[in-house]
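> Protein chains in written order, with the working numbering: chain A, 22 to 316; chain B, 1240 to 1509.
The structure that follows is given in the form of structure tokens.
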Amino acid sequence: MAEARSLRAAPPVRPEFEIKPGEAAHIGDAARPLSAWERISNDTTVRRIFILVVLAIAWELYARWIKNPLMFPSFLDMSEALYDNFVRGPLIDRTLTTIKVLLLGYAAGIAIAAVFTTIAVSTRVGTDLLSTLTAMFNPLPAIALLPLALLWFGLGIPSLIFVIIHSVLWAVALNTHTGFMAVSETQRMAGQNYGLRGIRYVMQILIPAAFPSILAGLKIGWAFAWRTLIAAELVFGVSSRSGGLGWFIFENRQQLETANVFAGLTTVIIIGLLVESVIFRTLETHTVRKWGMQR
Amino acid sequence: MDANGTDSARPLLEVDGVTLQYKTREHLVTATYRVSFKVWPSDRFVLLGPSGCGKSTLLKGVAGFMQPVEGTMRLNGRGIERPGPDRMMVFQEFDQLLPWKTVRQNVMFPMLVSGRFARAEAEERALAYIDKVNLTKFGDAFPHTLSGGMKQRVAIARAMAMEPDILLMDEPFAALDALTRRKMQEELLQLWEDTKFTVLFVTHSIEEAIIVGSRILVLSPHPGQVKAELNAGDFDHAAQGGAEFQALHQRIHNMLFAERIEQDRVAAHG
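Structural data, given as structure tokens:
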């Protein structure tokens, strides 16, 4: 070992030097504005719209190729049906009915989740209660509760709201609670140091600090609620005189108005996309992204 | 008696025979055992010791986050029962700033929630203290856009703007790089020259203790017990190479590591 090391030559002795920072002008500007194309292709919205356009073209071409409007109407047929049903048909009413029920259920779900989370953060038994209930009910699809809901509340909006609450409650409560638990010890101590206690401490420290998790819970809850509601309407929209979107889809399938079925499904997708990419994204940009709590 | 109602002829903070314990999942740990010291107004009082000597726990006790199992802690003659804005704390961690508030809002926040200052006055004071820590340009920036040193400056401005009876600093510069740390120590001393605040400063660095402190409490580990209380004199970074500084450094060093040398010797001979 010692021999091997001594075989290696010592590094040469080199002279020392100091340099003054010179002119760097010859490599161009330190910062240069991006070209128009670079800026456009950096915009997520532009890229997503591009994908949507490609998908629509593929759909149209495929539908024209198989030529079976009863099974698979083309994109243009669907667009026409969508337009007709919005302007002349019942689609607006149907959509509004659905959204009204959805908002009621969503709000009720969040309110109950807030109560559960409050109990969970204030006592240890509450924490156990919430985790046990969540573990039990979170895997239970809301639709599976529908027969029971019908039995208890009869046909109509109360049953729908019951299943929506079930689908929103556990996701929101679980995420909010996880968020509260993850608030760093330093931030907690800083808040207490200012003399904050009780509800002021929760409102001014815990909720904003846990906001990324709370927002994630709200998004998941929204997606669950939306899916549950459309599915529930498909199952028993028959009963309510003013049915929702799910009922619209079901009704048109019975009448083999396939283009209308596609129009109904597209409405479901568009509303989902709008809420996700407009409402929630705006909320994110103005909160967690601005605060650097999420990229 | 001065304007704040503090009497400079009497200690500001009296810690008397304090034993602090905390629970981990498996153990009940005694962090400090019968520690006593007194902090006088305008002291730069340093708690110095190796890790495990309970210096941070002691600071948490003074902040009111922990109750002693034995002994008393009094601030201005009143027992410490819970956290409060009369003892502002500066933590080591950078996430002590609230990420959803700008620098200015962060500095204003404790002044507003404690109800001590009206909004206009809080704003004015916030701007003045942000200026004092040389962050005037960053008043409207969010914390995530700042460097570590800048975040600690904001935390110091936030604590000082409250004009607390005592400033509690828990290794505030430990997570900074060496150059920034040195600059921050100088700035802290400069701020002290301006307002002569009282600070209780925790560190594990002998050098930092001598430079920052005017009086040093040396603690031994497992559990933390008082080993000595020394006058740190007036050393700044320039005095670091000097003989007096080195002598004090060596003296504290020996104090902290004497036990280990003793143990090593026993082990070697045993």
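Note that beta-carbon positions come from the ideal geometry of N, C-alpha and C, so glycine has one too.
1. Using only CA atoms, which one of B:Ile1449, B:Ile1405, B:Asp1433 and B:Glu1309 lies nearest to B:Leu1233?
2. Provide the residue span of the beta strand (DSSP E) that contains B:Ala1478, from first to last.
3. When the cut-off is 9 Å and only beta carbons count, does A:Leu217 lie next to chain B?
4. With respect to the beta strand (DSSP E) encompassing B:Arg1358, which residues constitute its N-terminal and C-terminal limits?
5. Helix or strand or just coil, what does DSSP make of B:Glu1468?
6. Using beta-carbon positions only, say whether A:Ser205 and B:Asp1334 come within less than 9 Å of one another.
7. Say whether chain B places a C-beta atom closer than 9 Å to the C-beta of A:Ser205.
8. If you measure between the beta carbons of A:Leu217 and A:Ile228, is that distance less than 9 Å?
9. Which chain A residues are close to B:Glu1332, counting only those with a beta carbon under 8 Å from its beta carbon?
10. At a Cβ threshold of 9 Å, is B:His1492 touching chain A?
11. My parser needs the beta strand (DSSP E) runs of 3 or more residues fully inside the stretch 147 to 176 of chain A; what are they?
12. I think B:Leu1251 touches B:Val1278, with their Cβ atoms under 8 Å apart; what is that distance to the nearest whole Å?
13. Would the beta-carbon of B:Pro1322 fall within 9 Å of that of A:Met210?
14. Does A:Arg221 get closer than 9 Å to chain B when you measure Cβ to Cβ?
15. Considering A:Val296, what are the terminal residues of the beta strand (DSSP E) in which it resides?
16. Quick check on the DSSP output: what are the complete beta strand (DSSP E) runs of length 3 or more inside the stretch 1284 to 1344 of chain B, in order along the chain?
17. Show which residues of chain B have a CB atom less than 9 Å away from the CB atom of A:Lys88.
18. Here's the rule: buried if 16 or more other CB atoms are within 10 angstroms of the residue's CB, otherwise exposed. What is A:Tyr83?
19. Just reading off the alpha helix (DSSP H) that B:Pro1408 is part of, what are its end residues?
20. Skipping 5 residues on each side, what residues in its chain have a beta carbon closer than 7 Å to that of B:Ser1290?
21. Would you say A:Gly313 lies against chain B (beta-carbon separation less than 9 Å)?
22. For B:Gln1328, which residues in chain A fall below 8 Å Cβ to Cβ?
23. Residues of chain B with CB under 9 Å from A:Pro229, in chain order?
24. Quick check: what's the CA-CA separation for B:Val1257 versus B:His1461?
25. Report yes if the C-beta distance between A:Phe201 and A:Val142 is below 9 Å; otherwise report no.
26. Any chance you could list the alpha helix (DSSP H) runs of at least 4 consecutive residues sitting entirely within the stretch 187 to 242 of chain A, in chain order?
27. With 9 Å set as the bound, which would you pick, yes or no: does the beta-carbon of A:Ile235 sit closer than that to a beta-carbon of chain B?
28. With DSSP as the reference, label B:Leu1374 as helix, strand or coil.
29. Taking CB distances under 9 Å as the criterion, tell me whether A:Gln275 reaches chain B.
30. When DSSP labels each residue in this structure, what does A:Ala252 get in the three-state scheme?
31. Whole angstroms is fine: what's the gap from A:Glu81's alpha carbon to A:Glu101's?
32. Can you tell me which of the three DSSP states B:Ser1275 falls into?
33. The alpha helix (DSSP H) with A:Ser143 in it runs from where to where?
34. Inspect the beta-carbon positions of B:Pro1349 and B:Pro1324 and report whether they are closer than 9 Å.
35. Contact defined as beta carbons within less than 8 Å: I believe A:Arg109 pairs with A:Phe269. What is the distance between those atoms, to the nearest angstrom?
36. Taking the C-alpha atoms as reference points, what is the distance between B:Gly1244 and B:Met1401?
The answer reads as follows:
1. Outside the modelled stretch of chain B, which goes from 1240 to 1509, sits residue 1233 of chain B, for which no answer is possible.
2. It is not in any beta strand (DSSP E) - B:Ala1478 carries neither H nor E in the DSSP assignment.
3. yes
4. No beta strand (DSSP E) holds B:Arg1358; the alpha helix (DSSP H) holding it covers Arg1358 to Lys1371.
5. strand
6. yes
7. yes
8. no
9. Ser205 and Thr207
10. no
11. none
12. 6 Å
13. yes
14. yes
15. Unbroken run through A:Val296: none, as it is neither H nor E.
16. 1309 to 1314 and 1326 to 1329
17. Simply none; closest approach about 56 Å.
18. exposed
19. Rather than Pro, the amino acid found at residue 1408 of chain B in this sequence is Met. Per DSSP, B:Met1408 belongs to no alpha helix (DSSP H); it is in the beta strand (DSSP E), Ile1405 to Asp1409.
20. His1443
21. yes
22. Here residue 1328 of chain B turns out to be Met, not Gln, going by the sequence shown. Neighbours of B:Met1328 on chain A, chain order: Met210, Ala211 and Asn214.
23. Leu1337, Pro1338, Trp1339 and Lys1340
24. 15 Å
25. yes
26. 206 to 214 and 219 to 222
27. no
28. coil
29. no
30. helix
31. 13 Å
32. strand
33. Leu112 to Ser143
34. yes
35. Contact doesn't hold; Cβ gap of about 14 Å is too wide.
36. Its pLDDT being 48, under 50, B:Gly1244 is placed unreliably in this model, and the value from its coordinates should be taken loosely. Their backbone Cα atoms lie some 16 Å apart in a straight line.
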